[in-house]
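> The structure under discussion is supplied below as C-alpha cells; questions concerning it will follow.
In the UniProt record's numbering, the protein residues as written are 1 to 203.
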C-alpha cells in the first residue's frame, strides 16, 4: 500500500508535466539518497531509534527564470525491520534558487526549500512465544513538514543533468495512540539529513 502510494505520486509527477510547447522548461528525474536511523524518542538514558538506509526519490522541475525554478519532490523513506517499521512519504512543492550564474561553469550551486505533506506509517509485527498468535498493529497519519536542500547541479551529456546535494527532511511530531512503537504515545517527527544523487532529463 505504501509503495503503491509512492509509485502513484511518481506517475503523477510525470503526468503533471504538460504535453505542450512548454516542455522545454521542464525536467524530470530519479534520485537516490542515504540517511541514518530515525530517532523516534529520547529517554533519560538516551535516544531510541530505528535503523535507516537508502531511499528513492522522484523530482519534477519547471524553470521560472534564469535563477528560479519550481520544484516538486517526493521520497519514500523506510526505517526499522520486519518486526518494527516506520515509513515516511514526504511530498514537497517549493522553489529552487541559483545564487551564482556563471556560464563558464557547468555545475551550478543551488538552494531549495519546499513546504511538504508527510505521510507517516508505523507498524509492528510479531508472533508470541508459542507461535500461536501473530500480532500486527499499525496506523497511518498525514503530517505537515518541509524539505530543504543545497547542492550542485549541471549537464553531463546532452539533456542529461547530474545533481549532487544534501537534503533535510522534517515533519511534525507523530501521534502514537496505540503505542505501536513507543510507550509514551507520541513520537518525534522526521528530522533527517541525507546525501542525495539524482539524474534528470531536460524535456
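Glycine included, C-beta positions come from ideal geometry on N, C-alpha and C. As the structure is a computational prediction, the values presented were derived from the model and not from experiment.
Per DSSP, what kind of secondary structure is residue 61 in: helix, strand or coil?
Here residue 61 is taken as the residue at index 61 of the chain shown, counted from 1. Three-state DSSP puts residue 61 in a strand.
> Using the three-state DSSP reduction, which class does residue 37 fall into: helix, strand or coil?
Position 37 of the chain shown holds residue 37. Reduced to three states, the DSSP call for residue 37 is coil.
> Just list the residues that DSSP pairs residue 83 with in beta bridges.
As a position in the chain shown, residue 83 is number 83, starting the count at 1. In DSSP, residue 83 forms no bridge with anything.
> Helix, strand or coil for residue 194 per DSSP?
Residue mapping note: residue 194 aligns to position 194 of the chain shown, counting from 1. DSSP places residue 194 in strand when its eight states are reduced to three.
> Between the Cα of residue 106 and the Cα atoms of 35, 82 and 158, which residue gives the shortest distance?
On the chain shown, position 106 is the one that residue 106 refers to. The shortest C-alpha separation from residue 106 is found at 158.
> Rounded to whole angstroms, how far is the Cβ of residue 120 from the Cβ of residue 92, which I believe are closer than 8 Å?
Here residue 120 is taken as the residue at index 120 of the chain shown, counted from 1. Here residue 92 is taken as the residue at index 92 of the chain shown, counted from 1. Not quite, the Cβ-Cβ distance comes to about 15 Å (not below 8 Å), so this is no contact.
> Which same chain residues end up closer than 8 Å to residue 40 when comparing Cβ atoms and leaving out the 5 residues on each side of it in sequence?
Translated into the one-based positions of the chain shown, residue 40 becomes position 40. These residues qualify, in order along the chain: 48, 49, 50, 86, 174, 181, 182, 187 and 188.
> So which of 79, 75, 59 and 80 has the shortest CA-CA distance to residue 89?
Residue numbering aside, residue 89 sits at position 89 when the chain shown is read from its first letter. Among 79, 75, 59 and 80, the Cα nearest to that of residue 89 belongs to 75.
> With the cut-off set at 7 Å, would you say residue 113 and residue 143 are in Cβ contact?
Position 113 of the chain shown holds residue 113. Position 143 of the chain shown holds residue 143. It is not a contact, given that the beta carbons lie outside the stated cut-off.
> Considering only their Cβ atoms, is the gap separating residue 150 from residue 162 smaller than 7 Å?
If you number the chain shown from 1, residue 162 lands on position 162. If you number the chain shown from 1, residue 150 lands on position 150. No. Outside cutoff.
> Going straight from the alpha carbon of residue 148 to that of residue 202, what length do you get?
By 1-based counting over the chain shown, the position of residue 148 is 148. By 1-based counting over the chain shown, the position of residue 202 is 202. Going by the C-alpha atoms only, they are around 22 Å apart.
> Run through the DSSP bridge pairs and tell me what residue 153 is partnered with.
Here residue 153 refers to the residue found at position 153 when the chain shown is read from its first residue. 108 and 163, per the DSSP bridge assignment.
> Quick check: what's the CA-CA separation for residue 102 versus residue 84?
Locating residue 102 in the chain shown gives position 102, counting from the first residue. Locating residue 84 in the chain shown gives position 84, counting from the first residue. Residue 102 and residue 84: Cα-Cα distance of roughly 49 Å.
> Could you tell me which of 78, 95, 190 and 34 sits nearest to residue 63, measuring between CA atoms?
Position 63 of the chain shown holds residue 63. Of 78, 95, 190 and 34, the residue nearest in Cα terms is 95.
> Taking buried to mean at least 16 other C-beta atoms within 10 Å of its own C-beta, is residue 194 buried or exposed?
Your numbering for residue 194 matches position 194 in the chain shown. So residue 194 counts as buried.
> Quick check on this structure: which residue in 58, 99 and 108 has the alpha carbon closest to the alpha carbon of residue 156?
Here the question's residue 156 lines up with position 156 in the chain shown. Per the Cα distances, 108.
> Please work out which residues of its chain come closer than 6 Å, Cβ to Cβ, to residue 111, disregarding the five sequence neighbours upstream and downstream, and give them in chain order.
Within the chain shown, numbered from 1, the residue matching residue 111 stands at position 111. The residues are 97 and 150.
> Which two residues bound the contiguous beta strand (DSSP E) that contains residue 101?
Stepping through the chain shown from its first residue, residue 101 is reached at position 101. Here residue 101 belongs to no beta strand (DSSP E), and DSSP marks it neither H nor E.
> With DSSP as the reference, label residue 21 as helix, strand or coil.
Here residue 21 refers to the residue found at position 21 of the chain shown. Since pLDDT at residue 21 reaches only 46, below the 50 mark, its modelled position is unreliable, and the value read off the structure follows with that caveat. DSSP places residue 21 in helix when its eight states are reduced to three.
> State the start and end residues of the unbroken beta strand (DSSP E) segment that holds residue 69.
Locating residue 69 in the chain shown gives position 69, where the first residue counts as 1. Looking at the DSSP string, the run of the beta strand (DSSP E) that includes residue 69 is 68-75.
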